[in-house]
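Here the structure comes first, spelled out in structure tokens, and everything after it is commentary.
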Amino acid sequence: MDEGNTRARSSIRLHKELSAIWDAPPGWGRLAAVNHTTIGKRFMLTAFVFFLIGGLLGMLIRAQLATSGSAFIGAPIYNQIFTMHGTIMMFLFAIPMFEGFAIYLLPKMLGARDMAFPRLTAYGYWCYLFGGSILIVALLAGVAPNGGWFLYTPLNSQPYSPGINADIWLLGITFVEISALSAAIEIIVSILRLRAPGMSIERMPIMAWYLLVTAFMMLFGFPPLILGSILLELERAFDLPFFDPTRGGDSLLWQHLFWLFGHPEVYIIFLPAAGAVSMMIPTFARHELVGYRSVILAVMAVGFLSFGLWVHHMFTVGIPHLALAFFSAASGLVAIPTAVQLFSWIATIAQGRPRFDVPMLYLGGAFVVFILGGLTGVMLAMVPFNFQAHDTHFVVAHLHYVLVGGFVFPLLAATYYWLPHITGRMARHSVSVPAFWLLFGGFNLTFFIMHLTGLLGMPRRVWTYPEAAGWDIFNLISSVGSFVMAAGFALFAVDIVLQLRFGERFRRNPWRARTLEWATPTPPPSYAFASLPVISDRADRLDPDRIGPELAAGRGYLGAARNGWMETLGVDIASGEPREVVILPRPTYLPLFTALATGAFVLCLLFKAYALSIVPLLVVLGLFLAWTVSSGSRRDLEDLPIAPGKTAPPHWQVERPPSWWAMSFTLTADGVFFASLLFGVLFLRVVSPDWPASQGPVLDLRLALPAIAAAGLAALAGRHAVRRLLSGRPLAVALVACAGAHLAAMALLVAMIVALGDPTVHANRATIFALLAFAALHAALGMIFAAFGLWRERSGLLSPARSVDLRIGAMWHGASAVVVTIALLFAWIGSAP
Amino acid sequence: MSRTSFLGQPFFLVAGFSIWAVGFLALYALLSVGCAYGWNEIVVVGSFSLLRLQLVAVFIVSLAACAGVVAALLARRRGGGKASEHFLAILALQASLAALVATFFTFAGVLTLSICD
Ligand code: HEM
Ligand SMILES: [Cu+2]
């Protein structure tokens with residue numbers, strides 16, 4: 000009794016101390032929040048709002064298609080509506096929803112206090128909000144994109160879509176994409192490095208594996224789309240003919256870049272939802288996930304295979320049959336690892352003592368719908384069938400079965416499962432069962448019918464059809480179904496509100512789950528765990544009811560407030576042994592301001608104020624540099640106590656802190672972007688019919704070779720500076736040399752761009768222009784990195800023990816040299832007579 | 000602190016499938032270039048065109064590389080080490096086996112199908 004009292008008292012004191020450090024200030028201060036619990040909730044709420052808008056547009060589509068010859072909205076509006084429906088659902092609902100889910104839950108599942116880069120999380124959120132808002136405002140203003148969510152060229156090139164509509168898509172989506180890419184890097188680093196001590200890689204919760212693979216897929220999938228968007232925007236704004244077949248461009252290049260992203264995107268949406276299923280099923284089956292390792296294997300296989308089938312969206316564009324065979328085979332193959340996961344879930348239920356509850360009902364619905372979607376997917380992967388069903392409503396039916404079965408229904412289940420964690424209240428479930436049946440029935444009524452209209456030949460993306468086609472009755476049923484489904488969503492929303500208002504409070508772990516996120520108090524405090532647990536078994540075999548109070552009393556790692564620091568632990572990637580204390584940044588308005596400046600830049604581009612756009616661009620750069628001011632230390636610190644008898648250094652004093660990994664993955668994404676550009680250059684050269692063999696510009700080797708030498712020199716000087724720092728010698732000269740060499744490389748590259756002449760005459764010149772500009776950008780950023788290093792050194796923030804800033808810079812200098820060399824090589828090949 | 004051996008690196012989890020991905024791109028690129036330059040019309044031996052030979056060569060090299068990764072990981076599977084290393088080793092082995100099968104299944108078309116039409 001006595002002991003219990005002191006424990007309670009000490010946990011309340013600890014709670015007060017930690018709250019004082021971690022909570023964001025009230026009022027306007029909320030805009031400064033960087034905490035993962037807060038930002039995660041904001042992401043999910045915003046995504047839900049976008050889902051409602053997207054759903055509303057879906058209803059409008061169905062209202063228009065209900066009868067033949069309907070005069071309800073008309074073609075121009077219809078085009079905007081179906082484009083925005085697809086765009087919103089894919090970019091503004093599904094991806095951000097999973098990001099919010101990951102940001103909210105991931106640290107809690109891993110036993111950490113926050114994500115690795117809280118300010119980046121906040122920046123990502125604001126970018127998402129502003130980018131999404133641009134699209135919605137455009138919709139309200141009647142200038143929304145109208146060329147389909149895949150924005151095919153040449154329909155969306157300047158001559159055929161002269162308005163601002165396509166620019167809004169390109170710029171708005173790229174803006175949102177920045178947010179997704181930063182989230183991907185952050186998720187990877189957090190999973191690899193920020194876990195509870197003892198959570199070795201084979202003990203991670205299965206969700207962490209799913210999110211890890213998903214984030215890597217984003218790292219490889221988004222750069223091609225960003226590249227495509229930039230190229231198309233360059234074509235639209237400055238007439239560089241990348242996709243214009245009359246000047247050596249090729250529309251198929253756009254399709255390749257889009258689907259290189261577009262297909263993996265579908266799995267980027269599906270995998271996190273499947274991860275959530277793999278977390279929920281064991282709880283309700285009261286049995287750990289059967290085949291933990293096979294599931295990991297399957298998820299990895301899906302991650303790879305889904306990149307090898309982008310052309311199945313382009314089967315009918317005239318690609319050699321042998322290539323179609325590769326993509327068809329890969330498309331069929333991806334069904335196997337997907338089935339492995341399904342069988343693992345079924346086996347878990349079969350081996351356990353399943354308990355029924357509302358989330359299970361929604362999961363049952365998800366299984367049925369997803370399996371049907373998977374079957375039509377295999378049908379569509381077969382080339383001859385695809386030729387018949389291409390661009391009919393059969394495809395619309397298939398894609399909704401997959402997306403709704405693979406994402407929306409699991410998401411609804413997950414909402415019922417995890418909402419109590421967010422609110423601290425249990426649902427009453429009074430209307431959740433009827434809501435489910437409305438949703439399930441309405442969905443199948445809407446979309447099953449579309450298989451039939453599709454097989455009868457009804458094309459997708461048409462705003463109306465003649466009565467003579469005989470599709471009226473089917474379309475009417477389908478539209479009625481969609482209104483039934485809408486009623487289901489309304490009831491679902493009512494159920495959630497009821498839970499928020501009248502749900503019963505509970506202390507901890509209402510579902511008797513065995514994973515770590517249920518060991519936090521509910522609703523969770525901003526610091527998630529008062530102290531960090533030691534994990535000695537697989538993360539789905541834990542006992543949150545026992546661990547929770549222990550941690551709350553401060554009996555784990557980092558169980559005390561220190562220096563007003565926001566601390567969490569960094570661990571070894573494989574073994575999970577503690578390596579360093581990661582000290583996270585305090586709440587700040589910087590992410591908001593940086594996102595606002597980024598938004599201003601995007602708006603300048605949108606309204607073609609290119610000269611003006613330099614201003615916000617410089618502001619963005621300056622603000623990003625301002626982020627770093629508060630980080631680091633001016634003296635070497637002793638190792639810090641992290642638990643009785645254990646110490647660890649602060650993160651800036653270790654060899655590979657989270658920021659080092661972040662730079663590695665940023666360079667990976669940069670490399671993928673560059674590789675996509677090289678692919679584009681080769682593609683146009685080989686495939687485009689109108690490519691002059693001889694009269695292209697000739698690259699001046701007298702400029703190119705010195706540029707390569709300068710870039711190489713910058714890389715060497717950067718490394719030399721690191722060596723001097725490590726051995727305690729002065730390094731300013733080396734860094735100045737590094738910056739100077741970058742400057743020289745940049746000047747030479749710019750001179751080459753000028754010598755190139757008008758890049759709009761032919762795609763040949765336009766691609767060389769793009770290569771040179773990309774290389775020049777790397778040299779320019781290299782200069783900033785060198786100057787940054789110099790400033791850190793002058794401010795006393797560097798020492799042999801605190802060298803990471805400089806080593807990160809050196810990584811960039813090296814990468815920049817590689818980029819300059821390869822870009823010039825390709826430019827030279829491209830320009831050779 | 001003991002250092003993990005080269006074959007115990009997490010990188011090996013993705014080695015097999017990376018080979019698959021590189022082989023995939025190589026085949027697709029080679030096919031496009033070959034068809035553009037008419038290498039399918041250059042007969043080398045019997046009914047084998049230059050392009051067919053090149054494609055089959057990429058196919059065999061990819062298979063061999065995948066098989067090589069499988070063999071290296073098989074040889075390493077025995078022996079102690081930490082639980083996480085053991086776990087990663089088994090996972091890497093299974094992944095590279097899956098990649099071997101995927102390589103065969105996705106690329107086998109180069110043996111029989113018509114090339115450029
Ligand atoms: C709320 C219920 C929904 C309804 C009633 C609905 C209805 C439709 C309809 C009728 C189309 C065909 C438009 C046309 O071809 O003219 C369509 C297209 C599409 N839907 Fe949905 N949908 C719903 C939910 C979703 C969800 C949840 C997603 C994704 C997560 C989604 C993604 C898409 C995409 C990507 C397209 C293709 C757009 C294009 O062709 O450019 N939909 N939807
Ligand atoms: Cu696909």
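From first to last, the protein sequence lines stand for chains A and B.
Residue 474 in numbering that gives the first Met the number 0 sits at position 475 of the first sequence, and the numbers go up by one each step.
Residue 86 in numbering that gives the first Met the number 0 sits at position 87 of the second sequence, and the numbers go up by one each step.
C-beta atoms are modelled at their ideal positions from N, C-alpha and C, and glycine is treated no differently.
Determine, using beta carbons only, whether residue i and residue j come nearer to each other than 8 Å.
i, j, result
"B:Ser61", "B:Phe106", "yes"
"A:His397", "A:Gly376", "yes"
"A:Ala538", "A:Leu557", "no"
"A:Leu362", "A:Val333", "no"
"A:Val276", "A:Trp344", "yes"
"A:Val619", "A:Thr597", "yes"
"A:Val430", "A:Asp494", "yes"
"A:Ala647", "A:Pro590", "no"
"A:Ala731", "A:Glu654", "no"
"A:Val819", "A:His777", "yes"
"B:Ala197", "B:Ser95", "Chain B is shown only over 0 to 116; residue 197 of chain B falls outside these bounds and no answer can be derived."
"A:Leu218", "A:Ala668", "yes"
"A:Ile200", "B:Phe86", "yes"
Ligand 2 and residue i: does any heavy atom of the ligand fall closer than 7 Å to the residue's C-beta?
i, result
"A:Val265", "yes"
"A:His311", "yes"
"A:Leu308", "yes"
"A:His255", "no"
"A:His262", "yes"
Closest to residue i by C-alpha separation, out of the options, would be which residue?
i, options, result
"A:Phe215", "A:Ser156, A:Asp539, A:Glu185", "A:Glu185"
"A:Val697", "A:Ala716, A:Ile752, A:Thr646, A:Gly727", "A:Ile752"
"A:Val461", "A:Ile11, A:Pro520, A:Ile72, A:Ser658", "A:Ile72"
"A:Trp660", "A:Asp804, A:Gly756, A:Leu676, A:Ala779", "A:Asp804"
"A:Trp148", "A:Trp27, A:Val479, A:Met83", "A:Met83"
"A:Ile172", "A:Ser160, A:Leu611, A:Ile225", "A:Ile225"
"A:Gly372", "A:Met745, A:Leu410, A:Phe447", "A:Phe447"
"A:Ser726", "A:Leu742, A:Arg801, A:Asn145", "A:Arg801"
"A:Gly569", "A:Ala518, A:Asn562, A:Ile641", "A:Ile641"
Residue range of the alpha helix (DSSP H) that residue i falls in?
i, result
"A:Leu824", "803-830"
"A:Thr82", "74-86"
"A:Val749", "731-755"
"A:Tyr127", "117-139"
"A:Leu230", "205-237"
"B:Cys34", "14-36"
"A:Cys603", "589-605"
"A:Thr463", "Note, A:Thr463: premise wrong, no alpha helix (DSSP H); not H, not E."
"A:His255", "250-284"
"A:Phe386", "382-388"
Which residue marks the beginning of the beta strand (DSSP E) containing residue i, and which one marks its end?
i, result
"A:Glu566", "565-570"
"A:Arg578", "577-583"
"A:Ile641", "639-642"
"A:Ala647", "645-647"
"B:Val44", "42-44"
Could you name the residues of chain E that residue i contacts, counting a contact when the two beta carbons are closer than 9 Å?
i, result
"B:Glu84", "Absent from the structure: chain E. Protein chains present are A and B."
Between residue i and ligand 1, is there a pair consisting of the residue's CB and a ligand heavy atom that are separated by less than 7 Å?
i, result
"A:Ala93", "yes"
"A:Ile495", "no"
"A:His84", "yes"
"A:Leu398", "yes"
"A:Ala487", "Ala is not the amino acid found at residue 487 of chain A; the sequence shown has Gly there. Every heavy atom of ligand 1 is 7 Å or more from the Cβ of A:Gly487, so no."
"A:Trp125", "no"
"A:Leu402", "yes"
"A:Arg537", "no"
"A:Gly147", "yes"
"A:Ser189", "no"
"A:Gly376", "no"
"A:Ser228", "no"
"A:Met425", "no"
"A:Thr445", "yes"
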